[in-house]
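**Q** So in my numbering, spot 183 of the sequence shown is number 644, and the numbers just go up one at a time. Below is the structure I would like to discuss, written out as structure tokens.
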Amino acid sequence: MNRNCPKAGILVVSLCLLVVPFLVFAQDAKVASAERARLEAAVSRFMAANSVPGLSAAVVQDGEYLWSAGFGLADLENSVPANAQTLYRLGSVSKPLTAVGAMELWESGKLDLDAPAQKYCPAFPQKEAPITTREVLGHLAGIRHYKSDAEDDPEVYNVRHFDDPIAAGLKFFANDPLVAKPGTHFTYSTHGYTLVGCVMEGASGEKYVPYMVASVFLPAGMTQTQADDRYAIIAHRTRFYQKDKAGKIVNADFLDSSYKIPGGGWLSSAEDMARFEVAVLNNRLLRHGTRDLMWTPLKPSDGTEDTYGLGWGTTNDAGVAEVGHTGGQQGTSTAIFLAPGRQAGVVVLINLEEADAGALAKELLQIALGAAGK
462 MNRNCPKAGI LVVSLCLLVV PFLVFAQDAK VASAERARLE AAVSRFMAAN
512 SVPGLSAAVV QDGEYLWSAG FGLADLENSV PANAQTLYRL GSVSKPLTAV
562 GAMELWESGK LDLDAPAQKY CPAFPQKEAP ITTREVLGHL AGIRHYKSDA
612 EDDPEVYNVR HFDDPIAAGL KFFANDPLVA KPGTHFTYST HGYTLVGCVM
662 EGASGEKYVP YMVASVFLPA GMTQTQADDR YAIIAHRTRF YQKDKAGKIV
712 NADFLDSSYK IPGGGWLSSA EDMARFEVAV LNNRLLRHGT RDLMWTPLKP
762 SDGTEDTYGL GWGTTNDAGV AEVGHTGGQQ GTSTAIFLAP GRQAGVVVLI
812 NLEEADAGAL AKELLQIALG AAGK
């Protein structure tokens, strides 16, 4: 970024403005001015250092939605500011949402996590070894991830739109051999979450997307969260950006994520994701015991270390137990983290790919935890 802000066109001027991001929306006045200043300063430093076009963030403290804000621009070409209702691609932060939906079915007795996945999803062919939904949620099923990162790989740069996303998504990988024996080794797989979506449809008797809206989003107060339909007109959706080889901000490559909604196809806002964190922390979506089960890392039989539970990663930074997830795909970088023992959480959503949203989220969480401890 040129910090001298020369008169070199609207795009450069817009990016220069991001050195001092402006607050577009705040949830309320409950956040102390000193804490707000620290949060805003951390975001400002991050955006300036990484030439971020637009960013929205939120903080939860004491189990309550405390603060949210938008910084920079959601649309560089039209100078549209980002705010707390701006919709970003969640990328893999979609996985914790799906996991909560699946665990609701388990809690209600409709889904046996340890039954073969084909009991609920007969469209998924039998493999050389049985696969359970628990293993799929924890990336221990041996289902492969994308074949490559090449720009001509349709799994990463899909341009087709599918009206039946689960059935279409299964066709990308269902007939391929497993890459590891189920239960033996952690193998991260976005495709596996399409299988989870199919299992949820079989267990609930409903299509995946409307089930998630009715059973997870609306009970949590998430009125904006929706599938990322590239052809629909969606209010408040950000534009998506990437950096070219010279580091210049350009529009991101096209992606239609309709084939992988459970693992990477939802849109949401900082405000909605903060409400999701509040609902989870206060056991409004799942009972406390179910929540703890979801956040307990699985144990691969090969003895390797695994810090991933059912749809959530786990860490213990600075002696504070945390759970969460990061995400990234065309035009987005995202992160959500919770410190359940402290009833705190953060959300960071960025309209630029390959930005370290997780690092900023960790910094904001430490600020929130420090303020809450005073």
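Built from N, CA and C at the ideal position, the CB exists for glycine as well.
1) Can you tell me where the alpha helix (DSSP H) holding residue 666 begins and where it ends?
2) Looking at residue 768: is its Cβ nearer than 8 angstroms to the Cβ of residue 733?
3) Relative to the C-alpha of residue 830, which residue among 624, 524, 517, 512 is closest?
4) Going by the DSSP bridge assignment, what does residue 798 pair with across the sheet?
5) If you follow the alpha helix (DSSP H) that residue 762 is part of, which residue opens it and which one closes it?
6) Would the stretch 640–657 and the stretch 592–605 be scored as touching if the rule is three or more Cβ pairs under 8 angstroms?
7) Grouping DSSP H, G and I as helix and E and B as strand, with all else coil, what is residue 511?
8) Alpha carbon to alpha carbon, how far is residue 703 from residue 509? Give it in angstroms, no decimals.
9) Comparing C-alpha positions only, which one of 717, 600, 747 sits nearest to residue 676?
10) Could you name the residues that DSSP lists as bridge partners for residue 619?
11) Can you tell me which of the three DSSP states residue 819 falls into?
12) Quick check on residue 648: does DSSP put it in helix, strand or coil?
13) In the DSSP assignment, the beta strand (DSSP E) including residue 551 goes from what residue to what residue?
14) Go to residue 589, then tell me how far its alpha helix (DSSP H) extends in each direction, as first and last residue.
15) Rounding to the nearest angstrom, what Cα-Cα distance links residue 527 and residue 573 in this structure?
16) When the distance is taken between beta carbons, is residue 758 closer than 8 angstroms to residue 776?
17) So residue 503 and residue 545 are supposed to be a Cβ contact under 8 angstroms. How far apart are they, rounded?
18) For the stretch 573–590 against the stretch 813–826, are there 3 or more C-beta pairs whose distance is under 8 angstroms?
19) I want to know whether the stretch 537–553 touches the stretch 717–734 - three or more CB-CB distances under 8 angstroms.
20) For residue 645, which residues of its own chain have a beta-carbon under 7 angstroms away from its beta-carbon, when the five flanking residues on both sides are left out?
21) Does residue 716 come out as helix, strand or coil in the three-state DSSP assignment?
22) Excluding sequence positions up to five away, which residues of its chain have a Cβ less than 6 angstroms from the Cβ of residue 639?
23) Could you tell me whether the Cβ atoms of residue 657 and residue 593 are closer together than 8 angstroms?
**A** On the basis of the coordinates in this document:
1) If you look at residue 666, you'll find it isn't in any alpha helix (DSSP H); DSSP assigns it neither H nor E.
2) Contact: no.
3) Minimum Cα distance to residue 830 is reached at 524.
4) Residue 798 pairs with 785, 807.
5) No alpha helix (DSSP H) holds residue 762; DSSP gives it neither H nor E.
6) The stretch 640–657 is in contact with the stretch 592–605.
7) Three-state DSSP puts residue 511 in a helix.
8) Linking residue 509 to residue 703 through their CA atoms gives a straight-line distance of about 15 angstroms.
9) Ranking the options by Cα distance to residue 676, first place goes to 747.
10) None; residue 619 has no bridge partner.
11) Helix.
12) Three-state DSSP puts residue 648 in coil, outside helix and strand.
13) Boundaries for residue 551: no beta strand (DSSP E) harbours it, and the DSSP string shows neither H nor E there.
14) Looking at the DSSP string, residue 589 is not in any alpha helix (DSSP H), and its letter there is neither H nor E.
15) One C-alpha to the other measures close to 37 angstroms.
16) Their beta carbons are not under 8 angstroms apart, which means residue 776 does not touch residue 758 by this criterion.
17) That pair is no contact at about 17 angstroms.
18) Contact between the stretch 573–590 and the stretch 813–826 is absent, because fewer than three Cβ pairs lie under 8 angstroms.
19) Contact holds: three or more Cβ-Cβ distances are below 8 angstroms.
20) Closer than 7 angstroms at the Cβ level, and outside the excluded window around residue 645, lie 761, 762, 763.
21) Three-state DSSP puts residue 716 in coil, outside helix and strand.
22) Contacts found: 588, 603.
23) The beta carbons of residue 657 and residue 593 sit no closer together than 8 angstroms.
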